[in-house]
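Below: one structure, written as structure tokens.
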Amino acid sequence: MLEQDTQATVTAVTGAAFTEGWMRRWGASARATEAQLTSLDQRVGDGDFGTNLRAGLVAAVAALDASAGTGAPRTGPSAAAGGPLRCAATAFLDGVGGTSGPLFGLLLEEVALAAVGPVLDTPTLRAGFCRGLAAIQRVGEARPGDKTLVDALWPACEALRACPDTACREAALAEAARAARKGVRGTARLRARRGRASYLGERAEGVADPGAVGVWLLFASAGGVVTDVAPLLTHIPSATSG
Numbered sequence: 025m026l027e028q029d030t031q032a033t034v035t036a037v038t039g040a041a042f043t044e045g046w047m048r049r050w051g052a053s054a055r056a057t058e059a060q061l062t063s064l065d066q067r068v069g070d071g072d073f074g075t076n077l078r079a080g081l082v083a084a085v086a087a088l089d090a091s092a093g094t095g096a097p098r099t100g101p102s103a104a105a106g107g108p109l110r111c112a113a114t115a116f117l118d119g120v121g122g123t124s125g126p127l128f129g130l131l132l133e134e135v136a137l138a139a140v141g142p143v144l145d146t147p148t149l150r151a152g153f154c155r156g157l158a159a160i161q162r163v164g165e166a167r168p169g170d171k172t173l174v175d176a177l178w179p180a181c182e183a184l185r186a187c188p189d190t191a192c193r194e195a196a197l198a199e200a201a202r203a204a205r206k207g208v209r210g211t212a213r214l215r216a217r218r219g220r221a222s223y224l225g226e227r228a229e230g231v232a233d234p235g236a237v238g239v240w241l242l243f244a245s246a247g248g249v250v251t252d253v254a255p256l257l258t259h260i261p262s263a264t265s266g
């Protein structure tokens with residue numbers, strides 16, 4: 025279920041204001057779906073993904089709140105669009121354990137580095153997320169088909185590559201979210217080749233990868249707060265069901 029956020033649909037909102045709202049919505053999505061993500065990860069992982077994702081975003085939002093009192097321009101016309109993304113990246117890199125924390129930190133760091141100016145447009149998003157994907161693959165050595173978050177991030181990046189440069193950022197991110205959603209559902213048909221799930225063999229089949237769900241939450245939260253991931257995870261055929 026997606027609660028539409030009118031601010032996210034107004035392209036005129038400055039880049040920094042948009043990314044701050046986006047990170048806050050992602051945090052709200054993580055809080056709302058923490059129990060579902062934890063339950064999912066208990067089936068194929070260590071059972072801590074929901075907690076870790078929420079913890080990283082709670083820290084990110086706290087950092088955004090704290091920076092409000094510094095007097096530095098955060099959301100004005102001259103503010104860097106990547107500033108709020110860097111806050112989130114630092115929170116994940118410095119304070120979140122598990123496998124996913126550093127990987128989300130790397131991803132957000134690359135997007136922040138691409139968004140050094142005040143404008144957040146489709147070419148900037150494309151460059152940042154594609155560099156983030158490359159960084160994650162460089163560190164984790166995961167490929168599409170390994171049943172990891174790459175299986176959602178790869179198609180999302182392909183969707184961004186397919187968007188024309190003139191497409192508004194909201195439309196581009198919506199396309200990325202749709203592609204990531206398809207990737208998430210595809211992970212249920214895969215046998216894991218990375219992480220704890222790789223030791224479960226057939227028992228992990230029919231279950232979507234939690235990290236991939238987290239990537240979808242990131243893109244989907246650009247347009248609103250996600251309050252329920254059950255529709256994403258139901259009626260997924262396993263690899264053995266044809």
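Each residue of the sequence shown is one higher than the one before, counting from 25 in this note's numbering.
Ideal placement from N, C-alpha and C gives every residue a C-beta, glycine not left out.
Excluding sequence positions up to five before and after R67, its CB lies within less than 6 Å of the CB of V231, all in the same chain and listed in chain order.
A residue is called buried once 16 or more other Cβ atoms fall within 10 Å of its Cβ, and G121, having fewer, is exposed.
The alpha-carbon separation between T211 and G235 amounts to approximately 10 Å.
For G122, no pairing in a beta bridge is given by DSSP. Here DSSP, grouped into helix, strand and coil, assigns V208 to helix. Residue burial annotation: S53 is buried, with at least 16 other C-beta atoms found within 10 angstroms of its C-beta.
The stretch 121-130 and the stretch 155-165 touch, with three or more beta-carbon pairs separated by less than 8 Å. G238 carries a helical assignment under DSSP once its states are collapsed to helix, strand and coil. Judged by pairs of C-beta atoms under 8 Å, the stretch 242-249 touches the stretch 195-212, as three or more such pairs exist. A151 sits away from L132, with the two beta carbons spaced by 8 Å or more. Of the candidates W240, D233, V250 and L241, the residue whose Cα lies closest to the Cα of S63 is D233.
Around the beta carbon of T251, a 10 Å sphere encloses fewer than 16 other beta carbons of the protein chains shown; the residue is thus reported as exposed. One alpha carbon belongs to L241, the other to F73, and they sit about 13 Å apart.
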